[in-house]
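Each residue of the sequence shown is one higher than the one before, counting from 52 in our numbering. Glycine included, each C-beta is placed from N, C-alpha and C at the ideal position. Computed from a predicted model, the values in this text were never measured in an experiment.
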Amino acid sequence: MLLARIVAAGSAALVLAGCATASDDPGLDALRREANQLVPASSEVVDTREGACVQVTGNPVCVRLYLAADLPERRRADELERTARAAGWEVVSRTRLADGTAIELGREGYRAYAAVWGEPRAAPCRAGRPDRDCADEIQVVEAP
Numbered sequence: 052m053l054l055a056r057i058v059a060a061g062s063a064a065l066v067l068a069g070c071a072t073a074s075d076d077p078g079l080d081a082l083r084r085e086a087n088q089l090v091p092a093s094s095e096v097v098d099t100r101e102g103a104c105v106q107v108t109g110n111p112v113c114v115r116l117y118l119a120a121d122l123p124e125r126r127r128a129d130e131l132e133r134t135a136r137a138a139g140w141e142v143v144s145r146t147r148l149a150d151g152t153a154i155e156l157g158r159e160g161y162r163a164y165a166a167v168w169g170e171p172r173a174a175p176c177r178a179g180r181p182d183r184d185c186a187d188e189i190q191v192v193e194a195p
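As structure tokens, then:
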């Protein structure tokens, strides 16, 4: 839970912020495209949430992806970074925390925040039971 608390603090409050139900916002299609560019070939999308991020000033629209992969934490984080760079994203920061790795990505007009969970939380996804509880998370929002 330390990862969630740290990446949720300050400007990274967007990282694990909940998105409401789907929205008809015209920017949602662009957010979906941006989010899908960040999915490594080694990962499977196990769930998607989209809508207004009510914890962020102005309630911006966001897309949140939950990913599972049969790789250890460090390799999942490395794959995410490689995929992001290949899609034209910049790695703003990468921080190893007690319960995972927090990665912030940016590109013109967008920000993405990822939580790549450590082995204790991610293990059930690799054991054939992938769901949001064990899946890594990527959240994409329009940059202010």
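For ARG183, which of helix, strand or coil comes out of DSSP? Residue state, collapsed to three classes: coil.
Based on the DSSP output, what are the partners of ASP98 in its beta bridges? TYR117.
Can you tell which of TYR117, VAL96, ALA92 has the C-alpha that lies nearest to the C-alpha of ALA166? Selected option, being the one with the closest Cα: TYR117.
Cutting at 6 Å between CB atoms, please list the residues of its own chain near GLU155, excluding the five before and the five after it. If we look at GLU155 and ignore the five residues flanking it on each side, its Cβ neighbours are VAL143, SER144, TYR164.
Under the rule that 16 or more other beta-carbon atoms within 10 Å means buried, what is GLY151, buried or exposed? GLY151 comes out buried.
Which whole-angstrom value is the C-beta distance of ARG115 and ARG100, which I expect to be below 8 Å? Right, the Cβ-Cβ distance comes to about 4 Å (below 8 Å), so this counts as a contact.
Unbroken beta strand (DSSP E) run spanning GLU141, endpoints: Taken as a continuous stretch (DSSP letters only), the beta strand (DSSP E) holding GLU141 covers 141-148.
Residue from ARG147, THR146, ARG158 with nearest C-alpha to TRP140: Relative to the Cα of TRP140, the nearest Cα in the group ARG147, THR146, ARG158 belongs to ARG158.
Minimum C-alpha distance to PRO123 - residue among THR134, PRO175, ASN87: Ranking THR134, PRO175, ASN87 by Cα distance to PRO123 puts PRO175 first.
Check whether the Cβ atoms of ALA119 and PRO181 lie closer than 8 Å to each other. Cβ distance < 8 Å, so ALA119 and PRO181 count as in contact.
LEU89 and THR146 - do their beta-carbons sit closer together than 8 Å? In this structure, the beta-carbon distance from THR146 to LEU89 does not fall below 8 Å.
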